[in-house]
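Here the structure is laid out as C-alpha coordinates; the discussion comes afterwards.
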Amino acid sequence: MSTDMKFLIVDDFSTMRRIVRGLLKEIGYNNAEEAEDGVEALSMLKQAKYDFVVSDINMPNMNGFELLKAIKEDASLKHLPVLMVTAEARKEDIVLAAQSGAAGYIVKPFTKATLEEKVQKIMQKLAAAA
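UniProt numbering puts the first residue of the sequence shown at 1, with every later residue one more than the last.
Structure, rendered in C-alpha coordinates:
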(Lines of atoms letter the chains of each structure in order from A and count residues from 1; the text may use other names and numbers.)
(Lines give C-alpha, C1' and ligand atoms only; values in the text may rest on other atoms or scores of the structure.)
Protein backbone atom coordinates (compact mmCIF):
# COMPACT_ATOMS: atom_id res chain seq x y z
CA MET A 1 0.00 0.00 0.00
CA SER A 2 1.54 3.26 -1.13
CA THR A 3 1.12 6.15 1.25
CA ASP A 4 2.36 8.75 -1.21
CA MET A 5 -0.77 8.34 -3.29
CA LYS A 6 -2.29 11.65 -4.25
CA PHE A 7 -5.97 12.10 -3.46
CA LEU A 8 -8.41 14.67 -4.78
CA ILE A 9 -11.31 15.35 -2.42
CA VAL A 10 -14.32 16.88 -4.14
CA ASP A 11 -17.12 18.34 -2.02
CA ASP A 12 -18.91 21.68 -1.94
CA PHE A 13 -18.71 21.70 1.87
CA SER A 14 -15.29 22.74 3.13
CA THR A 15 -16.02 21.06 6.48
CA MET A 16 -16.63 17.76 4.74
CA ARG A 17 -13.42 18.14 2.71
CA ARG A 18 -11.54 18.78 5.94
CA ILE A 19 -13.06 15.71 7.59
CA VAL A 20 -12.17 13.44 4.67
CA ARG A 21 -8.69 14.93 4.50
CA GLY A 22 -8.22 14.37 8.23
CA LEU A 23 -9.39 10.75 8.00
CA LEU A 24 -7.06 10.09 5.06
CA LYS A 25 -4.21 11.55 7.08
CA GLU A 26 -5.03 9.27 10.02
CA ILE A 27 -5.00 6.29 7.66
CA GLY A 28 -1.57 7.39 6.45
CA TYR A 29 -2.32 9.29 3.25
CA ASN A 30 -0.90 12.79 3.61
CA ASN A 31 -1.07 13.83 0.00
CA ALA A 32 -4.54 15.28 -0.63
CA GLU A 33 -5.88 18.29 -2.48
CA GLU A 34 -9.40 19.71 -2.53
CA ALA A 35 -11.89 20.91 -5.10
CA GLU A 36 -15.29 22.38 -4.35
CA ASP A 37 -17.18 21.03 -7.35
CA GLY A 38 -16.80 18.83 -10.38
CA VAL A 39 -15.76 21.68 -12.66
CA GLU A 40 -12.82 22.62 -10.44
CA ALA A 41 -11.97 18.95 -9.88
CA LEU A 42 -11.88 18.18 -13.60
CA SER A 43 -9.59 21.09 -14.34
CA MET A 44 -7.26 20.02 -11.50
CA LEU A 45 -7.27 16.42 -12.74
CA LYS A 46 -6.25 17.59 -16.20
CA GLN A 47 -3.41 19.71 -14.86
CA ALA A 48 -1.77 17.33 -12.41
CA LYS A 49 -1.48 13.63 -11.70
CA TYR A 50 -3.78 12.16 -9.07
CA ASP A 51 -4.15 8.55 -7.96
CA PHE A 52 -7.55 8.55 -6.32
CA VAL A 53 -10.70 10.70 -6.33
CA VAL A 54 -13.14 10.92 -3.41
CA SER A 55 -16.19 12.80 -4.66
CA ASP A 56 -19.46 13.89 -3.13
CA ILE A 57 -22.51 13.27 -5.29
CA ASN A 58 -24.57 16.37 -4.56
CA MET A 59 -22.71 19.49 -5.66
CA PRO A 60 -23.53 22.63 -7.64
CA ASN A 61 -22.16 23.32 -11.18
CA MET A 62 -21.17 19.71 -11.84
CA ASN A 63 -22.28 16.94 -9.52
CA GLY A 64 -20.45 13.73 -8.64
CA PHE A 65 -22.11 11.66 -11.37
CA GLU A 66 -21.30 14.25 -14.04
CA LEU A 67 -17.71 14.37 -12.79
CA LEU A 68 -17.49 10.57 -12.81
CA LYS A 69 -18.84 10.47 -16.37
CA ALA A 70 -16.31 13.10 -17.51
CA ILE A 71 -13.44 11.16 -15.88
CA LYS A 72 -14.51 7.87 -17.46
CA GLU A 73 -14.87 9.52 -20.89
CA ASP A 74 -11.37 11.00 -20.77
CA ALA A 75 -8.74 8.52 -22.01
CA SER A 76 -6.05 10.02 -19.78
CA LEU A 77 -8.21 9.91 -16.63
CA LYS A 78 -10.46 6.88 -17.02
CA HIS A 79 -8.11 4.61 -15.02
CA LEU A 80 -8.64 6.76 -11.91
CA PRO A 81 -10.57 5.12 -9.08
CA VAL A 82 -13.49 7.29 -7.95
CA LEU A 83 -15.05 6.71 -4.54
CA MET A 84 -18.50 8.31 -4.39
CA VAL A 85 -19.69 9.91 -1.17
CA THR A 86 -23.33 10.67 -0.45
CA ALA A 87 -25.60 11.60 2.40
CA GLU A 88 -28.44 9.36 1.26
CA ALA A 89 -27.96 5.70 0.45
CA ARG A 90 -30.51 5.68 -2.34
CA LYS A 91 -30.64 2.45 -4.25
CA GLU A 92 -30.75 4.22 -7.62
CA ASP A 93 -27.64 6.22 -6.69
CA ILE A 94 -25.75 3.05 -5.81
CA VAL A 95 -26.80 1.41 -9.07
CA LEU A 96 -25.92 4.51 -11.10
CA ALA A 97 -22.54 4.79 -9.37
CA ALA A 98 -21.72 1.18 -10.23
CA GLN A 99 -22.97 1.48 -13.80
CA SER A 100 -21.05 4.71 -14.33
CA GLY A 101 -17.78 3.11 -13.29
CA ALA A 102 -17.38 4.30 -9.72
CA ALA A 103 -14.85 2.21 -7.80
CA GLY A 104 -16.97 2.31 -4.67
CA TYR A 105 -19.64 4.06 -2.66
CA ILE A 106 -19.64 5.39 0.88
CA VAL A 107 -22.42 6.97 2.92
CA LYS A 108 -22.02 9.98 5.23
CA PRO A 109 -21.33 10.07 8.09
CA PHE A 110 -18.58 7.47 7.89
CA THR A 111 -15.76 6.43 10.17
CA LYS A 112 -12.06 6.18 9.55
CA ALA A 113 -12.42 2.38 9.53
CA THR A 114 -15.06 2.44 6.80
CA LEU A 115 -13.05 4.82 4.63
CA GLU A 116 -9.86 2.82 5.16
CA GLU A 117 -11.59 -0.44 4.26
CA LYS A 118 -13.12 1.05 1.10
CA VAL A 119 -9.86 2.59 -0.08
CA GLN A 120 -7.93 -0.62 0.60
CA LYS A 121 -10.53 -2.76 -1.21
CA ILE A 122 -10.38 -0.48 -4.23
CA MET A 123 -6.57 -0.49 -4.25
CA GLN A 124 -6.50 -4.29 -4.03
CA LYS A 125 -8.93 -4.54 -6.93
CA LEU A 126 -6.79 -2.19 -9.01
CA ALA A 127 -3.61 -4.07 -8.16
CA ALA A 128 -5.25 -7.33 -9.17
CA ALA A 129 -6.44 -5.84 -12.44
CA ALA A 130 -3.12 -4.19 -13.29
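The C-beta atom is built at its ideal place from N, Cα and C for all residues, glycine as well.
Keep in mind it's a predicted model, so treat the numbers as computed, not measured.
Residues that DSSP places opposite residue i in a beta bridge
i     : result
Tyr29 : According to DSSP, Tyr29 bridges with nothing at all.
Ile57 : Paired residues: none, contrary to the question.
Val85 : Asp56, Ile106
Ile9  : Glu34, Val54
Simplified DSSP state of residue i, which is helix, strand or coil
i      : result
Gly104 : strand
Ser43  : helix
Arg18  : helix
Thr111 : coil
Lys121 : helix
Lys78  : coil
Asp4   : coil
Lys49  : coil
Residues of its chain near residue i, where Cβ-Cβ distance is below 7 Å and the 5 sequence neighbours each way are ignored
i     : result
Arg17 : Ile9, Asp11, Glu34
Met66 : This sequence places Glu at residue 66; Met is not what is there. Hits under 7 Å: Gly38.
Ala97 : Met84, Tyr105
Residues near residue i by beta carbon distance below 6 Å, same chain, minus five either side
i     : result
Ala70 : Leu42
Closest by C-alpha distance to residue i, when choosing among the options
i      : options                     : result
Gly38  : Lys121, Ile27, Asn63, Met84 : Asn63
Leu126 : Leu96, Leu80, Glu117        : Leu80
Lys118 : Val54, Ala75, Pro60         : Val54
Ala48  : Glu36, Pro60, Phe7, Glu73   : Phe7
Phe13  : Ala75, Ser76, Ala103, Asn58 : Asn58
Ala32  : Ser76, Glu40, Asp4          : Asp4
Backbone CA spacing between residue i and residue j [nearest angstrom]
i      : j      : result
Leu83  : Tyr105 : 6 Å
Leu24  : Leu115 : 8 Å
Ile27  : Lys112 : 7 Å
Ala130 : Arg21  : 27 Å
Ala128 : Lys121 : 11 Å
Ala103 : Ile19  : 21 Å
Asn30  : Phe52  : 13 Å
Met44  : Ile94  : 26 Å
Lys78  : Gly101 : 9 Å
Chain-order list of residues whose beta-carbon lies under 8 Å from that of residue i (same chain, five-residue window excluded)
i      : result
Lys108 : Met16, Val85, Thr86, Ala87
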